[in-house]
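Below is one structure, written out as structure tokens; the observations come after it.
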Amino acid sequence: MSAASPVAEERRVFRFAPSPNGLLHLGHAYSALLNHDLARAAGGAFLLRLEDIDRARCTPAFERRILDDLQWLGLGWDAAPRRQHEHFDDYATALDALQGEGLVYPGFMTRGETRAFASAFEEREGLPWPRDPDGAPLYPALDRDLGEAERRGRIAAGEPFAWRLDMGAALERLSAELAFEESGGGGREAVRADPALWGDVVLARFDTPTSYHLAVSVDDALQGVTDVVRGRDLLPSTSVHRLLQALLGLPVPRYHHHDLILGGDGRKLSKSRGDAAVRTLGEAGLTPEDIRRMVGLGLAPR
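For the record, in the sequence shown the residue sitting at position 144 is 144 according to UniProt numbering, with numbers rising by one throughout.
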């Protein structure tokens with residue numbers, strides 16, 4: 001009997017995926033540095049993805065400043081940055097597959113109408129309307145069962161809509177309970193995914209052919225990402241990503257949701273408030289080594 005061939009060791013792939021709609025703050029710097037350090041320590045790859053599907057808020061100027069700040073921090077990436085707006089066809093293909101399975105429908109209620117519906121229900125029934133992990137009211141899905149003719153007519157008339165995942169139908173397609181490997185608590189553990197907490201999530205809009213949930217799931221698969229390392233605030237979203245991975249037959253990476261860098265008021269840092277911008281700190285005389293110490297990291301691996 002011949003000896004078994006050795007199994008090729010997996011090459012680990014990490015990624016940092018900022019949105020170019022503002023300046024990088026200390027929280028972004030921590031996530032980028034951590035991903036870079038883990039990739040280098042594992043002898044793997046560090047990738048950069050620019051999550052710029054929001055073409056109104058994401059600008060070339062912010063992108064340039066993000067790239068400059070990352071390079072100032074001493075980071076280099078192992079492939080050309082992936083810009084999501086250049087890959088809308090990839091997301092459309094995934095959406096088409098879900099539509100072909102009857103798992104997607106056009107939802108015509110706006111965010112404001114959804115909030116008003118939830119408030120009216122709570123006032124009328126004296127009971128809370130269910131909300132997602134971010135605190136937003138779940139979509140009522142009053143239009144989930146519209147006839148095809150009415151759907152087409154409303155779309156043809158130019159009525160705004162969002163393509164939503166029929167969560168109930170999607171969960172019925174599963175052959176096993178969803179889980180993912182998480183190491184953010186210290187050791188590795190299997191975490192049960194619960195995508196139903198999000199209700200009928202948006203997968204694309206009439207004017208934007210994808211959403212964060214769909215794009216990130218497709219991108220991680222196409223880029224061969226093996227380890228998703230990101231902030232703890234995104235841990236609940238992983239349940240939706242696991243569902244999409246199962247429905248689309250995508251590989252499942254390992255996950256590590258790290259602690260957040262908080263401001264002096266105890267809130268997570270925000271680009272919109274200009275919190276602790278890396279550029280501002282650099283202009284004040286701090287060095288990349290100072291930034292590493294501020295976010296609790298040691299010297300960069302060589």
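Using N, Cα and C, we set each Cβ at its ideal position, and we do this for glycine too.
Alpha-carbon spacing of A4 relative to M109, whole angstroms: The residue given as residue 4 occupies position 4 in the sequence shown. The residue given as residue 109 occupies position 109 in the sequence shown. For A4, the pLDDT reaches just 45, beneath the cut-off of 50, and the residue's location in the model is therefore unreliable, although a value from the coordinates is still provided. About 58 Å.
Own chain residues within Cβ distance below 8 Å of L234, not counting five before or after: Here residue 234 corresponds to residue number 234 of the sequence shown, with the count starting at 1. Result list for L234: H257, in chain order.
Buried versus exposed call for R292 [16 or more other C-beta atoms within 10 Å across all chains shown]: Taking the sequence shown and counting its residues from 1, the one referred to as residue 292 is at position 292. By the neighbour-count rule (16 or more Cβ atoms within 10 Å), R292 is buried.
Residues that DSSP places opposite H256 in a beta bridge: In the sequence shown, the residue the question calls residue 256 occupies position 256. Note: H256 is bridge-paired with V229 in the DSSP secondary-structure output.
Limits of the unbroken beta strand (DSSP E) element including E189: Start at 1 with the first residue of the sequence shown, and residue 189 comes out as number 189. Taken as a continuous stretch (DSSP letters only), the beta strand (DSSP E) holding E189 covers E189 to R192.
Neighbourhood of P236 by C-beta, 6 Å cutoff - its chain only, sequence neighbours within 5 removed: In the sequence shown, the residue the question calls residue 236 occupies position 236. Same-chain partners within the cutoff: P133.
Where T93 falls, given that 16 or more other Cβ within 10 Å makes a residue buried: Mapped onto the sequence shown, residue 93 falls at position 93. Under this definition T93 is an exposed residue.
Residue nearest to A41 in terms of C-alpha spacing, selected from R12, E51 and R64: Walking along the sequence shown from the start, residue 41 turns up at place 41. Residue R12 is the option with its Cα nearest to A41.
Start and end residues, alpha helix (DSSP H) containing G107: The residue labelled residue 107 in the question sits at position 107 within the sequence shown. G107 -> not in any alpha helix (DSSP H); beta strand (DSSP E) instead, spanning V104 to G107.
Rounded straight-line distance, which links the Cα of A162 to that of R131: On the sequence shown, residue 131 is found 131 positions in, with the first residue counted as 1. On the sequence shown, residue 162 is found 162 positions in, with the first residue counted as 1. Rounded to the nearest whole angstrom, the CA to CA distance from R131 to A162 is 19 Å.
Own chain partners of W72 with C-beta closer than 7 Å, once the 5 adjacent residues on each side are dropped: Position 72 of the sequence shown, counted from the start, is the residue given in the question as residue 72. Excluding sequence neighbours, W72 sits near G282 and P288.
Pair within 9 Å by beta-carbon distance, D69 and L23: Residue numbering aside, residue 69 sits at position 69 when the sequence shown is read from its first letter. Residue numbering aside, residue 23 sits at position 23 when the sequence shown is read from its first letter. Contact annotation: D69 and L23 have beta-carbon atoms nearer than 9 Å.
Backbone secondary structure at A284 - three-state DSSP: Here residue 284 refers to the residue found at position 284 when the sequence shown is read from its first residue. For A284, the secondary structure class from DSSP, reduced to helix, strand or coil, is coil.
Beta-carbon contacts of G199 that lie in its chain and below 8 Å, excluding the five residues immediately before and after: Translated into the one-based positions of the sequence shown, residue 199 becomes position 199. Correct list, in chain order: P130, D132, L138, Y139, A141 and M167.
Boundaries of the alpha helix (DSSP H) in which V216 is found, first to last residue: Taking the first residue of the sequence shown as 1, we reach residue 216 at position 216. Y212 to L222 is the span of the alpha helix (DSSP H), which, as asked, contains V216.
Length of the line joining the Cα atoms of Y212 and A221: Reading the sequence shown from its first residue, position 212 is the one you call residue 212. Reading the sequence shown from its first residue, position 221 is the one you call residue 221. If I take the Cα positions, the gap works out to 14 Å.
DSSP-derived helix/strand/coil call for residue 311: Nothing about residue 311 can be reported from this structure: the residues present for the chain run from 1 to 302 only.
Sequence-distant residues of its chain with Cβ nearer than 6 Å to H36 (five each side left out): The count along the sequence shown starts at 1 and reaches residue 36 at position 36. Correct list, in chain order: F46 and L75.
Rounded separation between V295 and L48 - CA only: As a working note, residue 295 is residue 295 in the sequence shown. As a working note, residue 48 is residue 48 in the sequence shown. V295 and L48 have their C-alpha atoms some 20 Å from each other.
Distance, A170 Cα to R151 Cα: Your numbering for residue 151 matches position 151 in the sequence shown. Your numbering for residue 170 matches position 170 in the sequence shown. Cα-Cα distance, rounded: 20 Å.
Residue range of the alpha helix (DSSP H) that includes E182: Your numbering for residue 182 matches position 182 in the sequence shown. From DSSP, E182 is part of no alpha helix (DSSP H) but of the beta strand (DSSP E) over A179 to E182.
Chain-order list of residues whose beta-carbon lies under 7 Å from that of E122 (same chain, five-residue window excluded): On the sequence shown, position 122 is the one that residue 122 refers to. For E122, same chain residues with a beta-carbon under 7 Å away, outside a window of 5 residues either side, are P128 and W129 in chain order.
Cut-off 6 Å between Cβ atoms - residues of its own chain near P6, not counting five sequence neighbours on either side: If you number the sequence shown from 1, residue 6 lands on position 6. With a pLDDT of 47 at P6, under the threshold of 50, the predicted position of this residue should be treated as unreliable, though the coordinate-derived value follows. Same-chain partners within the cutoff: there are none.
Under the three-state DSSP convention, the category F161 falls into: The residue you call residue 161 lines up with position 161 of the sequence shown. Per DSSP, reduced to three states, the secondary structure at F161 is coil, with no helix or strand assignment.
Buried or exposed (CB count within 10 angstroms, at least 16 for buried), M1: What you label residue 1 is simply residue 1 of the sequence shown in a count that begins at 1. Residue placement at M1 is flagged as unreliable, the pLDDT there being 37, under the threshold of 50; a coordinate-derived value is accordingly withheld.
Spatially closest choice to T208 from I53, E125, V225 and P60, by CA coordinates: For the purposes of this step, residue 208 is taken as the residue at position 208 of the sequence shown. Put simply, of I53, E125, V225 and P60 the residue whose alpha carbon is nearest the alpha carbon of T208 is I53.
Buried or exposed by the 16-neighbour rule on C-beta atoms within 10 Å, applied to T114: Locating residue 114 in the sequence shown gives position 114, where the first residue counts as 1. Counting of Cβ neighbours within 10 angstroms places T114 among the buried residues, the total reaching 16 or more.
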